[in-house]
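Participant:
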Amino acid sequence: MAEGSADVSSLEERLQRVEREAASKERQLERYAADLRETFKQERAAAQRLRESYMATVRALSNAVEARDAYTGKHAERVAAYGLALARATGTRLADDPAIEFGFLLHDVGKVAVPDAILFKPDLLSVEERKVMERHTVIGWEIVKDIDFLGEARLVVRHHHERWDGMGYPDRLAGEEIPLAARVFCVADVLDALTTDRPYRRRSSLAEAQGIIRENAGTQFDPAVVEAFATLDDDELHHIRTTIA
Amino acid sequence: MSARAVLVVDDDPFIRKLVSTTLEDVANFDLHQAADGIEAIEAAERVQPAVVFLDIDMPRMDGITCCRELRARLGPASEPTIVMLTAAGGDDVEAEARAAGADLFLTKPFSPLDLLRLVDELGGR
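As they're listed, the protein sequences go chains A and B. Counting from 1, position 68 in the first sequence corresponds to residue 68 in our numbering; the numbering is continuous, with no gaps. Counting from 1, position 71 in the second sequence corresponds to residue 316 in our numbering; the numbering is continuous, with no gaps.
1. What residue does the beta strand (DSSP E) around residue 327 of chain B start on, and which one ends it?
2. With a threshold of 8 Å between beta carbons, is residue 13 of chain A in contact with chain B?
3. Mark residue 107 of chain A as exposed unless 16 or more other C-beta atoms lie within 10 angstroms of its C-beta, in which case mark it buried.
4. Here's the rule: buried if 16 or more other CB atoms are within 10 angstroms of the residue's CB, otherwise exposed. What is residue 354 of chain B?
5. Given a cut-off of 8 Å on the beta-carbon distance, is the pair residue 252 of chain B and residue 280 of chain B in contact?
6. DSSP three-state call for residue 276 of chain B: helix, strand or coil?
7. Between residue 101 of chain A and the rest of its own chain, which residues show a CB-CB distance below 7 Å, the 5 nearest in sequence each way excluded?
8. Counting beta carbon pairs with one atom in the stretch 103-119 of chain A and one in the stretch 128-136 of chain A, are three or more of them shorter than 8 Å?
9. Is the shortest distance between the beta-carbon of residue 10 of chain A and the beta-carbons of chain B less than 8 Å?
10. If we require 4 or more residues per run, which alpha helix (DSSP H) segments fall completely within the stretch 104-191 of chain A?
11. Return yes when the Cβ of residue 357 of chain B is within less than 8 Å of the Cβ of residue 267 of chain B, no when it is not.
12. Does any CB atom of chain B fall closer than 8 Å to the CB of residue 59 of chain A?
13. With distances taken from CA atoms, which of A/231, A/124 and A/138 is nearest residue 214 of chain A?
14. Can a CB atom of chain A be found closer than 8 Å to the CB of residue 262 of chain B?
15. If residue 240 of chain A and residue 32 of chain A are in contact, beta carbons under 8 Å, what's the gap, nearest whole angstrom?
16. Using 7 Å as the cut-off, classify the Cβ of residue 186 of chain A as near or not near the heavy atoms of the ligand FAD, replying yes or no.
17. Quick one: give me the first and last residue of the alpha helix (DSSP H) that residue 299 of chain B is part of.
18. Apply the 10 Å Cβ neighbour rule to residue 36 of chain A and answer buried if 16 or more other Cβ atoms are within range, or exposed otherwise.
19. Ignore the nearest five residues each way along the sequence and tell me which others in residue 256 of chain B's own chain have a CB closer than 7 Å to its CB.
20. Taking its Cβ as the centre, do 16 or more other Cβ atoms sit within 10 Å of residue 222 of chain A, making it buried, or is it exposed?
21. Check the DSSP bridge columns for residue 350 of chain B and list the partner residues they point to.
22. When you compare each of A/49, A/57, A/171 and A/205 to residue 136 of chain A by their alpha carbons, which one comes out closest?
23. Looking at the strands, I want to know which residues DSSP matches up with residue 221 of chain A.
24. Taking any Cβ of chain B, which residues in the stretch 89-100 of chain A have a Cβ under 9 Å from it, in chain order?
25. Along the beta strand (DSSP E) that carries residue 250 of chain B, what are the first and last residues, could you check?
26. Among A/206, A/182 and A/218, which one has its Cα closest to the Cα of residue 236 of chain A?
27. DSSP three-state label for residue 198 of chain A, please.
28. Is it true that the CB of residue 364 of chain B sits closer than 8 Å to the CB of residue 349 of chain B?
29. Tell me the DSSP secondary structure of residue 24 of chain A in three-state form.
30. Kindly indicate which three-state DSSP category residue 286 of chain B falls into: helix, strand or coil?
31. Going by CA-CA distance only, name the one from B/258, B/296, B/334 and B/342 that's closest to residue 366 of chain B.
32. Quick check on residue 356 of chain B: does DSSP put it in helix, strand or coil?
33. I need the DSSP call for residue 90 of chain A, collapsed to helix, strand or coil.
34. Answer yes or no: does any C-beta atom of chain A fall closer than 8 Å to that of residue 350 of chain B?
35. For residue 27 of chain A and chain B, any beta-carbon pair shorter than 8 Å?
Next up, the structure:
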């Protein structure tokens with residue numbers, strides 16, 4: 001009988017020890033989970049801060065280009081907004097690339113190297129002047145080509161004046177040789193150019209601009225992108241034009 | 246830089262595994278384990294660890310005795326940093342461990358981030 005109760009009490013002791021150990025393991029695991037949560041939270045916050053500083057840097061660069069040109073005003077911001085709307089409308093993975101907006105904002109960064117006399121000339125450019133003007137794509141590419149976080153968005157800077165029929169610049173790429181981001185962007189770029197007042201002409205209405213873009217599908221523009229452009233809501237385009245001015 | 250030996254001593258295989266896994270790949274460490282004080286002394290004499298993580302409550306030989314033994318046997322040539330793994334609220338135990346030659350304390354349940362930070366600091370020594 002005494003032996004039996006000793007067994008019971010030693011069993012109880014062992015059971016209590018096992019329970020204590022299990023509870024301690026559980027607390028230890030909870031501690032790991034808590035650290036993991038904290039680390040993840042910090043990582044997300046750091047990624048957010050990084051993204052914000054990328055954005056601020058890109059905006060500073062694009063503002064530096066825009067500051068020279070009173071006529072284009074917030075062209076880069078507007079065209080980036082049009083470009084993003086159009087990228088979404090194409091239904092491709094383009095809209096998922098967080099850097100694409102950066103490429104849109106920086107498309108004309110090479111214009112920092114174009115002399116005022118050419119950049120602001122109200123008359124038609126001579127052949128020589130046009131050549132200098134066209135170099136902004138290649139100069140822009142030289143400026144951004146080593147910025148890794150831009151990824152494919154860099155290609156917008158080089159190729160936003162290529163044409164679907166191969167008659168554009170600087171590389172005379174044709175059709176799908178032109179990066180999708182650049183094909184999308186050039187429609188947005190032309191839309192903004194047409195719907196903004198310039199020294200040499202008044203702006204077109206949205207309907208007129210849409211007509212001109214439609215007429216140039218297959219020559220200047222990728223027909224599939226123009227098709228996606230046609231699905232965009234007029235109110236959204238109007239909203240971008242009037243709010244980013 | 247050659248790998249520095251680290252010895253993890255705890256009778257609970259779960260804790261040994263957790264500490265070892267947490268420290269894996271972090272620094273240039275060569276990780277070893279022991280399940281009690283006697284195994285720890287054998288292992289320490291063999292691998293000459295730079296850092297020892299030492300549990301207090303173990304069968305055969307407890308952590309404080311083991312700590313004192315390690316200090317006596319390893320001598321000044323290979324003074325390891327001894328980190329005691331303690332339960333919360335053990336102030337008396339801490340004082341006793343310090344007297345036995347412990348350098349640092351990590352309270353269970355320990356934070357893996359604290360463990361990594363601690364090792365990071367030791368790496369700079």
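All C-beta atoms, glycine included, are put in the ideal place defined by N, C-alpha and C.
Facilitator: Looking at the atomic coordinates:
1. Taking the first residue of the second sequence as 1, we reach residue 327 of chain B at position 82. That run of the beta strand (DSSP E) goes 326-332.
2. Indexing the first sequence from 1 puts residue 13 of chain A at position 13. Taking Cβ atoms only, chain B never reaches closer than 8 Å to residue 13 of chain A, which makes this a no.
3. Counted from its first residue, the first sequence places residue 107 of chain A at position 107. Residue 107 of chain A is buried by the Cβ-count criterion.
4. By 1-based counting over the second sequence, the position of residue 354 of chain B is 109. Classification of residue 354 of chain B: buried, given that the 10 Å Cβ count is 16 or more.
5. In the second sequence, counting from the first residue as 1, residue 252 of chain B sits at position 7. In the second sequence, counting from the first residue as 1, residue 280 of chain B sits at position 35. Between residue 252 of chain B and residue 280 of chain B, the gap from beta carbon to beta carbon reaches 8 Å or more.
6. Residue mapping note: residue 276 of chain B aligns to position 31 of the second sequence, counting from 1. Residue 276 of chain B falls in the strand class under three-state DSSP.
7. Counting from one through the first sequence, the residue named residue 101 of chain A turns up at place 101. In the same chain as residue 101 of chain A, and ignoring 5 residues on each side of it, the C-beta atoms closer than 7 Å to its own belong to 80 and 84, in chain order.
8. Three or more pairs of CB atoms, one per stretch, sit closer than 8 Å, so the stretch 128-136 of chain A contacts the stretch 103-119 of chain A.
9. To locate residue 10 of chain A, count along the first sequence from 1; it is residue 10. At a cut-off of 8 Å, the C-beta of residue 10 of chain A has no neighbouring C-beta in chain B.
10. Every alpha helix (DSSP H) stretch that sits fully inside the stretch 104-191 of chain A and reaches 4 residues is listed by chain position as 116-119, 127-134, 136-144 and 154-159.
11. Counting from one through the second sequence, the residue named residue 267 of chain B turns up at place 22. Counting from one through the second sequence, the residue named residue 357 of chain B turns up at place 112. Their beta carbons are under 8 Å apart, which means residue 267 of chain B touches residue 357 of chain B by this criterion.
12. Walking along the first sequence from the start, residue 59 of chain A turns up at place 59. It does not; no Cβ of chain B falls within 8 Å.
13. For the purposes of this step, residue 214 of chain A is identified with residue 214 of the first sequence, where counting begins at 1. Distance check between residue 214 of chain A and each of A/231, A/124 and A/138 places A/231 closest, using alpha-carbon atoms only.
14. Indexing the second sequence from 1 puts residue 262 of chain B at position 17. With 8 Å as the cut-off, residue 262 of chain B does not count as an interface residue toward chain A.
15. Here residue 240 of chain A corresponds to residue number 240 of the first sequence, with the count starting at 1. Here residue 32 of chain A corresponds to residue number 32 of the first sequence, with the count starting at 1. In this structure residue 240 of chain A does not touch residue 32 of chain A by the C-beta definition: roughly 48 Å separates them, more than the 8 Å allowed.
16. Of the ligands one can find in the structure shown there are none, so the ligand FAD has no counterpart to examine.
17. Working through the second sequence from its first residue, we reach residue 299 of chain B at position 54. Per DSSP, residue 299 of chain B belongs to no alpha helix (DSSP H); it is in the beta strand (DSSP E), 296-300.
18. Here residue 36 of chain A corresponds to residue number 36 of the first sequence, with the count starting at 1. Exposed is the call here.
19. Position 11 of the second sequence, counting from 1, holds the residue named residue 256 of chain B. Leaving aside the five residues that flank residue 256 of chain B on each side, the residues in its chain whose CB is nearer than 7 Å to its CB run, in chain order, 280, 281, 300, 303 and 304.
20. The residue you call residue 222 of chain A lines up with position 222 of the first sequence. A buried status is given to residue 222 of chain A, since no fewer than 16 other beta-carbon atoms sit within 10 Å of its beta-carbon.
21. Position 105 of the second sequence, counting from 1, holds the residue named residue 350 of chain B. DSSP lists B/329 as partners of residue 350 of chain B.
22. Within the first sequence, the letter at position 136 stands for residue 136 of chain A. Cα-wise, what sits closest to residue 136 of chain A is A/171.
23. Within the first sequence, numbered from 1, the residue matching residue 221 of chain A stands at position 221. According to DSSP, residue 221 of chain A bridges with A/217.
24. Answer in chain order: no residues at all.
25. As a working note, residue 250 of chain B is residue 5 in the second sequence. Taken as a continuous stretch (DSSP letters only), the beta strand (DSSP E) holding residue 250 of chain B covers 249-254.
26. Here residue 236 of chain A is taken as the residue at index 236 of the first sequence, counted from 1. The shortest C-alpha to C-alpha distance from residue 236 of chain A to any of A/206, A/182 and A/218 is the one to A/206.
27. Numbered from 1 along the first sequence, position 198 holds the residue referred to as residue 198 of chain A. In the three-state DSSP reduction, residue 198 of chain A falls in the strand class (E or B).
28. By one-based count along the second sequence, residue 349 of chain B stands at place 104. By one-based count along the second sequence, residue 364 of chain B stands at place 119. No, Cβ-Cβ distance for residue 349 of chain B and residue 364 of chain B is not below 8 Å.
29. Taking the first sequence and counting its residues from 1, one reaches residue 24 of chain A at position 24. Per DSSP, reduced to three states, the secondary structure at residue 24 of chain A is helical.
30. Locating residue 286 of chain B in the second sequence gives position 41, counting from the first residue. Three-state DSSP puts residue 286 of chain B in a helix.
31. The count along the second sequence starts at 1 and reaches residue 366 of chain B at position 121. The shortest C-alpha to C-alpha distance from residue 366 of chain B to any of B/258, B/296, B/334 and B/342 is the one to B/296.
32. The count along the second sequence starts at 1 and reaches residue 356 of chain B at position 111. Coil, per DSSP.
33. Translated into the one-based positions of the first sequence, residue 90 of chain A becomes position 90. Coil, per DSSP.
34. As a working mapping, residue 350 of chain B is identified with position 105 in the second sequence. Among the residues facing chain A, residue 350 of chain B is not included, as its CB has no counterpart in that chain under 8 Å away.
35. Taking the first residue of the first sequence as 1, we reach residue 27 of chain A at position 27. Residue 27 of chain A counts as touching chain B.
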